[in-house]
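Visitor: Numbering (full-length UniProt numbering) for the sequence shown: 1 to 280.
Before I ask anything, here is the structure I am working with.
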Amino acid sequence: MMAEQDITIVKNAETPFGAVKAVLQKGTAVKRIRKNAEPVRTERPSRPKLLISVLNPDDDEKMAQILNEYSVSLNYAFAGTGTARSNVLDYLGIDILEKSVMFSLIPECDEDLILGQIQKKMALYLVGRGISFTLPLSGISEIVAKGIASSEKTIDGSKIMKDENRKYDLIVVEVEAGYVEEVMEVARTAGAAGGTIVRARSVGNSKAEQFIGISLQKESEILLILSNRESKQAIMQAISEKAGLKTDAGGIIFSLPVDKTVGIGASGSATDALEADDKK
């Protein structure tokens, strides 16, 4: 029998059937609640999630204010560059390619509230205003987790995003500096609508280089592409063939699952219009 100190007990459920505690794994417990004739509902503690936002320059401060007004967040912002073609920018009436990329840790229990407020107050329903999306985390520092996710709030297990229900993935491509525009063109031919570029540098990769058998460049660029799930494989394959590790671009490609999105780019309607105009 598991010792009491090995689990975290979510507060008791006051129901005619009493509270039932079920241990999922060491350090986690859930409660099952039955209300009248409704099916059993499983709840688990809220966890931190990663919110990534691609915004116009200087919008990161406003984003942080919104996040902290409606919840609690830990935020980091850095400079990025958009990849839209000039005729697409003209179509949208936008003349700014600079972007602010923001990483925020938010509590899962406030995810829907936060995304709703971002959509409304950042006007992400308008073309060119930006996009935000959430990603699940597989691990995090305990101190940060306790500070971000309230121990008193729980999540309805039936509402947790399952992989088969996800519609988007974040494709991450790291290439040698100077090749990122070429990579974006290849990605477009495979179905990508656009991406965001972040400048980076290689740090402490000598051991990995020995295992891979290829020397990695010190100066590099990272391309972030939010792709619908149907196009992900084709985009990654096209990039790998044209700009993979064995090419001059030396690309490293991987993808991450995306749970929820807000912003005109995620709806598909604006993307379809841009793609149609771009092919003329």
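All C-beta atoms in this analysis are idealised placements derived from N, C-alpha and C, irrespective of residue type, glycine included.
Tell me the DSSP bridge mates of serine 132?
Guide: Ser53, Val262
Visitor: How about leucine 135 and leucine 256: do their beta carbons lie closer than 7 Å?
Guide: yes
Visitor: Locate the alpha helix (DSSP H) running through methionine 102, then write down its first and last residues.
Guide: The continuous stretches of alpha helix (DSSP H) do not include methionine 102, which lies in the beta strand (DSSP E) extending over residues 98 to 107.
Visitor: Drop a sphere of 10 angstroms on the beta-carbon of lysine 232, count the other beta-carbons inside from all chains shown, and report buried for 16 or more, exposed for fewer.
Guide: buried
Visitor: Mark alanine 79 as exposed unless 16 or more other C-beta atoms lie within 10 angstroms of its C-beta, in which case mark it buried.
Guide: exposed
Visitor: Let me confirm a value: glycine 178 is counted as buried when at least 16 other C-beta atoms fall within 10 Å, else exposed. Which label applies?
Guide: exposed
Visitor: Quick check on phenylalanine 133: buried or exposed, where buried means 16 or more other Cβ atoms within 10 Å of its Cβ?
Guide: buried
Visitor: Just reading off the alpha helix (DSSP H) that asparagine 75 is part of, what are its end residues?
Guide: Segment 74 to 82 is the beta strand (DSSP E) holding asparagine 75; no alpha helix (DSSP H) there.
Visitor: Would you decide whether tyrosine 76 is buried or exposed? Buried here means 16 or more other CB atoms lie within 10 Å of its CB.
Guide: That one is exposed.
Visitor: Report back the beta-carbon spacing between valine 186 and alanine 238 to the nearest angstrom; my notes put them in contact at under 8 Å.
Guide: 5 Å
Visitor: From what residue to what residue does the alpha helix (DSSP H) around alanine 176 run?
Guide: Per the sequence shown, residue 176 should be read as glutamate rather than alanine. Looking at the DSSP string, glutamate 176 is not in any alpha helix (DSSP H); the run it does join, the beta strand (DSSP E), is 168 to 176.
Visitor: Can you list, in chain order, the residues of its chain with a C-beta nearer than 6 Å to that of residue 319? Leave out the 5 residues immediately preceding and following it.
Guide: This structure cannot speak to residue 319, because the chain is shown only from 1 to 280.
Visitor: If you check the beta carbons only, do aspartate 169 and valine 258 fall under 7 Å apart?
Guide: yes
Visitor: If I measure Cβ to Cβ from methionine 161 and keep anything under 8 Å in the same chain, skipping five residues before and after, which residues do I get?
Guide: Pro136, Asp259, Lys260
Visitor: Taking DSSP as the reference, what is the three-state secondary structure of aspartate 248?
Guide: If DSSP states are grouped into helix, strand and coil, aspartate 248 belongs with coil.
Visitor: So is leucine 126 buried or exposed if we call it buried at 16+ other beta carbons inside 10 Å?
Guide: Counting of Cβ neighbours within 10 angstroms places leucine 126 among the exposed residues, the total staying below 16.
Visitor: Could you tell me the alpha carbon to alpha carbon distance between asparagine 56 and glutamine 119, rounded to whole angstroms?
Guide: 14 Å
Visitor: If you draw a straight line from the alpha carbon of arginine 129 to that of lysine 99, how long is it in whole angstroms?
Guide: 10 Å
Visitor: Output needed for glycine 244: all residues of its chain with C-beta closer than 6 Å, excluding positions within five of it in sequence on either side, in chain order.
Guide: Gly251
Visitor: Can you tell me whether DSSP reads valine 183 as helix, strand or coil?
Guide: Helix at valine 183.
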